[in-house]
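Colleague: Protein chains in written order, with the working numbering: chain A, 1 to 212; chain B, 1 to 212.
The beta carbon of each residue, even a glycine, is placed where N, CA and C say it ideally should be.
Protein chains: 2
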Amino acid sequence: MASKKDTKTKILDAAEELFSTQGIGATSLRTIIAKADVNIAAIHYHFGSKKEVVTAVYARRITPLNQQRLERLEALNTRAAEKAPTVAEIVDAFLAPILNCSFSSKKERERAIGLFSHLHTEPQEVAHVLDLFKDVFELFMMALSKILPHLSKADLLWRFMFMIGVMSISMSNDHLVHRKLRENGGEINYQELLQRAVHFITAGFEAPTLDY
Amino acid sequence: MASKKDTKTKILDAAEELFSTQGIGATSLRTIIAKADVNIAAIHYHFGSKKEVVTAVYARRITPLNQQRLERLEALNTRAAEKAPTVAEIVDAFLAPILNCSFSSKKERERAIGLFSHLHTEPQEVAHVLDLFKDVFELFMMALSKILPHLSKADLLWRFMFMIGVMSISMSNDHLVHRKLRENGGEINYQELLQRAVHFITAGFEAPTLDY
DNA sequence: AATTAAATCAAACGATTGATTCAATCACTT
DNA sequence: AAGTGATTGAATCAATCGTTTGATTTAATT
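1. Quick one: is A2 of chain B near chain A, going by C-beta distance under 7 angstroms?
2. Taking E213 of chain B as part of the alpha helix (DSSP H), name the residues at either end of that continuous run.
3. Pick out whichever of A:L119, A:N184, A:T202 and A:Y45 has its Cα sitting closest to the Cα of S20 of chain A.
4. For the alpha helix (DSSP H) containing F19 of chain A, name the first residue and the last one.
5. Does the structure place the stretch 45 to 53 of chain A close enough to the stretch 74 to 84 of chain A that three or more beta carbon pairs sit under 8 angstroms?
6. Thinking just about the alpha-carbon of each residue, which of A:N100, A:V38, A:I147 and A:T27 is nearest to the one in K83 of chain A?
7. Taking S152 of chain A as the reference, which of B:N184, B:A127, B:T121 and B:A154 has the closest Cα?
8. Measure from the alpha carbon of L18 of chain A to the alpha carbon of each residue in A:H44, A:V57 and A:T7, then state which is nearest.
9. For the alpha helix (DSSP H) containing M114 of chain B, name the first residue and the last one.
10. How about S168 of chain A and G165 of chain B: are their beta carbons less than 7 angstroms apart?
11. Rounded to whole angstroms, what is the Cα-Cα separation between H178 of chain A and F160 of chain B?
12. With a threshold of 6 angstroms (Cβ to nearest heavy atom), would G25 of chain A be considered close to the ligand GDP?
13. Would DSSP call S3 of chain B helix, strand or coil?
14. Against I188 of chain A, what residues of chain B qualify as contacts under a CB-to-CB distance less than 8 angstroms, listed in chain order?
15. With DSSP collapsed to three states, give me the class of F103 of chain A.
16. Quick check: the stretch 111 to 130 of chain A against the stretch 83 to 100 of chain A, are at least 3 beta-carbon pairs closer than 8 angstroms?
17. Quick one: does E192 of chain A have its CB under 7 angstroms from some CB of chain B?
18. Would you list, in chain order, the members of the stretch 123 to 148 of chain B that have their beta-carbon closer than 9 angstroms to a beta-carbon of chain A?
19. Alpha carbon to alpha carbon, how far is L157 of chain B from V38 of chain A?
20. Hey, V136 of chain A and R69 of chain A are a contact pair by Cβ (cut 8 angstroms); roughly how many whole angstroms apart?
21. What are the boundary residues of the alpha helix (DSSP H) that includes H46 of chain A?
22. Report the residues of the stretch 12 to 46 of chain A with a CB closer than 7 angstroms to any CB of chain B, ordered along the chain.
23. Taking R159 of chain B as the query, report the chain A residues whose CB atoms sit under 7 angstroms from its CB, ordered along the chain.
24. Let's test the definition: count the other Cβ atoms within 10 Å of the Cβ of D92 of chain B and tell me whether it reaches 16, buried, or not, exposed.
25. In chain order, what residues of the same chain lie with their CB nearer than 6 angstroms to the CB of A36 of chain B, ignoring the 5 residues before and after it?
26. Given L65 of chain A, which residues of its chain have a CB within under 7 angstroms of its CB, disregarding the five upstream and five downstream residues?
27. Going by Cα to Cα distance, which pick from B:L181, B:Y190, B:A42 and B:H199 is closest to S102 of chain B?
28. So is T86 of chain B in contact with chain A if we call contact Cβ pairs under 7 angstroms?
29. Measuring CB to CB, does I122 of chain A end up less than 7 angstroms from I32 of chain A?
30. Residues of chain A with CB closer than 8 angstroms to the CB of H178 of chain B, please, in chain order.
31. Identify which residue in A:V54, A:V87 and A:H128 has its Cα closest to the Cα of A207 of chain A.
32. State yes or no: is the beta carbon of Y212 of chain B nearer than 7 angstroms to at least one beta carbon in chain A?
33. Residues in the same chain with beta-carbon distance under 7 angstroms from F94 of chain A, minus the five sequence neighbours each way, listed in chain order, please.
34. Less than 7 angstroms between the C-beta atoms of I201 of chain A and M171 of chain A, yes or no?
35. Any idea if E108 of chain B is buried or exposed, counting beta-carbon neighbours within 10 angstroms, 16 or more meaning buried?
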């Protein structure tokens, strides 16, 4: 019971690694079952379809991610009476769980980041998954609007979207700039990446408003 | 001769529209030839493979885009003696040609933006295309380093990457925030989007340096 | 008009995809 | 130990993919 993974878990683990490295569309059910050492019927028996495998793989990761983000936001909110949270702290609460923290090893972080990066690079395959983020997005929007009361609803939405863009490209691996960064500095330092991203985004949020 | 498009152009036009709306991986050669009203062998006769169709479609768009960007950067550089370019101006020179300007109609802008958005959402399919941007990237990096001399090479690279992220998400259509933006404000105003993106990114570039 | 090259055509290739079938096997209760 | 429902195995389904073929038509050259 303890040492032997059940079929469902074996499928999820294999699918996650393959989705993370090759992407979803490029991963066939047959490569999954080969890696999981499982029969192809097991996938349809336990999940019903490839789409539901995708959903299950992402849900398994998104649930704890949402928890982490909410915990950090909660901590800032309960502290708010004595010391109001800064924009940087809220942005950090949003980015840290996905970019650096809450991982037991380098390998696991690579895998999670690789997986999440495909949320942006294969929108069609994961469109049905994005809703799992909705509630958390709302809460972070609210927290930001509290300490940036001069920003209109539209201002906030746009800047929030830009933040997602920065986060998204930070998780990508094979873009031109990312490649060059690896050439110049070797391995990516995710602690540094996190700080830089938070810094960049915070400046964007705190920029004065304009009339558009 | 004047009214009749040749086969090569018909293929490119059909492929561009399909890539733009459905993505590259989701577009089969058969849907292309159906739209172009052309025989399937014509694709391999004129291009050799699907990969080269992709290359040709993107090259046709990237070449004038690079020109536009360089023209604008050139204009700022020749003016530099009397008035040094601002960060906002350089960022605008980078973003305007792809987000708003240099399009003869809404339809054409939609199509171009849709096409370019897949440069970020289907990296595997277009990896061989990204090199076409390399030289222009270098020049903009240089221009930015001149007016932001306190930024290290690494600082610049990271922030440049973040800019690409903001640009990328701005071209996306089906992300959570983008959807909400359409709900709230109806049609996307690309002039406003451009100004907001430039504003956000400029703040990020001009943020003080940190020790990481 | 004869020859050659470029371009297009219908048809089919082998490979791969997600999904399904149904018999064999397993784990568990009685 | 028998029986029962949950699970897995091997084989196959129809559909679609990018690519190739060889014949045929069109255009250019001599």
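Modeller: Here's the rundown:
1. Reliability of the predicted coordinates at A2 of chain B is poor, the pLDDT of 31 falling under 50, and the value obtained from them is presented with this limitation in mind. Taking Cβ atoms only, chain A never reaches closer than 7 angstroms to A2 of chain B, which makes this a no.
2. Summary: the structure shown does not reach residue 213 of chain B, with chain B confined to residues 1 through 212, and so no result is reported for it.
3. Of the candidates A:L119, A:N184, A:T202 and A:Y45, the one whose C-alpha sits nearest the C-alpha of S20 of chain A is A:L119.
4. F19 of chain A -> alpha helix (DSSP H) spans T7 to Q22.
5. With the cut-off at 8 angstroms, the stretch 74 to 84 of chain A and the stretch 45 to 53 of chain A do not touch.
6. Of the candidates A:N100, A:V38, A:I147 and A:T27, the one whose C-alpha sits nearest the C-alpha of K83 of chain A is A:I147.
7. Out of B:N184, B:A127, B:T121 and B:A154, B:N184 has the C-alpha closest to the C-alpha of S152 of chain A.
8. Checking every option, the nearest Cα to that of L18 of chain A belongs to A:V57.
9. A small correction: the amino acid at residue 114 of chain B is Gly; Met does not occupy that position in the sequence shown. K106 to T121 is the extent of the alpha helix (DSSP H) around G114 of chain B.
10. The answer is yes: Cβ separation under 7 angstroms.
11. The straight-line gap from Cα to Cα measures roughly 10 angstroms.
12. Absence of the ligand GDP from the depicted structure is noted, as is the absence of any ligand whatsoever, leaving it without description.
13. Unreliable placement is indicated for S3 of chain B, whose pLDDT of 36 sits below 50; no coordinate value is reported for it.
14. In chain order: nothing, as chain B lies at least about 11 angstroms away.
15. Looking at F103 of chain A - three-state DSSP - the assignment turns out to be coil, as it is neither helix nor strand.
16. With the cut-off at 8 angstroms, the stretch 83 to 100 of chain A and the stretch 111 to 130 of chain A touch.
17. E192 of chain A counts as touching chain B.
18. Of all residues in the stretch 123 to 148 of chain B, P123, Q124, A127, L130, D131, F133, K134 and F137 have a Cβ within less than 9 angstroms of some Cβ in chain A.
19. If I take the Cα positions, the gap works out to 44 angstroms.
20. Rounded, the Cβ-Cβ distance is 5 angstroms, consistent with contact.
21. Looking at the DSSP string, the run of the alpha helix (DSSP H) that includes H46 of chain A is I40 to H46.
22. Residues passing the 7 angstroms Cβ filter: G23, G25 and A26.
23. Chain A residues near R159 of chain B: F200.
24. Around the Cβ of D92 of chain B, a 10 Å sphere holds 16 or more other Cβ atoms; the residue is buried.
25. Its chain contains K10, I11 and A14 as the residues whose beta carbon lies nearer than 6 angstroms to that of A36 of chain B, once the 5 sequence neighbours on both sides are disregarded; these appear in chain order.
26. Answer for L65 of chain A: P97 and I98, listed in chain order.
27. Nearest C-alpha to S102 of chain B among B:L181, B:Y190, B:A42 and B:H199: B:Y190.
28. By this cut-off, T86 of chain B is not an interface position.
29. Residue identity differs from the one stated: residue 122 of chain A is Glu in this sequence, not Ile. Between E122 of chain A and I32 of chain A, the gap from beta carbon to beta carbon reaches 7 angstroms or more.
30. What H178 of chain B touches in chain A, judged by beta-carbon distance under 8 angstroms, is M161, going in chain order.
31. Minimum Cα distance to A207 of chain A is reached at A:V87.
32. Yes, Y212 of chain B counts as interfacial toward chain A.
33. Around F94 of chain A, the same chain offers R69 and F140 as residues with beta carbons nearer than 7 angstroms, after the five sequence neighbours per side are excluded.
34. No, the Cβ-Cβ distance between I201 of chain A and M171 of chain A is not below 7 angstroms.
35. Classification of E108 of chain B: exposed, given that the 10 Å Cβ count is below 16.
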